[in-house]
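Notes to accompany the following structure.
Residue numbers (the UniProt record's numbering): 1 to 139.
Structure below.
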């Protein structure tokens with residue numbers, strides 16, 4: 001079962017990112033980043049941390065919270081409207097049943113984020129833009 005899942009993720013990563021050896025490592029990095037960011041987001045940050053919480057706040061527009069959280073999580077925002085659009089496509093992919101790893105392609109292609117940045121953006125989007133998908137990227 002685990003081998004089947006790993007093979008499926010590998011095939012999907014190659015399809016999404018491309019066939020070059022550099023791209024294969026980028027896909028593996030994005031996959032591991034989604035898992036590690038989701039794990040760290042589910043645990044309480046250190047008291048000295050200035051990272052925003054990844055939980056929706058009543059009265060704060062989800063799009064504004066998403067954009068505001070990207071920078072502190074190490075994801076550059078060159079254009080807020082474009083970043084929100086990418087976050088919305090990430091959510092649409094997650095809602096449509098795609099894996100978090102597959103959803104990283106939007107950040108890689110549209111924002112030219114690194115695999116690590118794109119993985120973080122998937123977690124931030126799932127937690128703030130489409131919290132119904134938060135469990136798809138970890139608790």
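C-beta: ideal position from N, C-alpha, C; glycine also.
8 Å contact criterion, which residue i and residue j should meet: CB distance rounded
i: residue 103; j: residue 94; result: 6 Å
Residue i versus residue j - alpha carbon distance
i: residue 106; j: residue 51; result: 23 Å
i: residue 20; j: residue 74; result: Residue placement at residue 20 is flagged as unreliable, the pLDDT there being 42, under the threshold of 50; the coordinate-derived value follows with that caveat. The straight-line gap from Cα to Cα measures roughly 26 Å.
i: residue 87; j: residue 127; result: 11 Å
i: residue 137; j: residue 101; result: 9 Å
i: residue 133; j: residue 77; result: 22 Å
i: residue 59; j: residue 108; result: 31 Å
i: residue 119; j: residue 99; result: 11 Å
i: residue 56; j: residue 92; result: 18 Å
i: residue 114; j: residue 61; result: 26 Å
First and last residue of the uninterrupted alpha helix (DSSP H) at residue i
i: residue 89; result: 80-95
i: residue 55; result: First-last for residue 55: undefined, no H or E at that position.
i: residue 132; result: Here residue 132 belongs to no alpha helix (DSSP H), and DSSP marks it neither H nor E.
Helix, strand or coil at residue i according to DSSP, with G and I counted as helix
i: residue 109; result: helix
i: residue 122; result: helix
i: residue 63; result: helix
i: residue 76; result: coil
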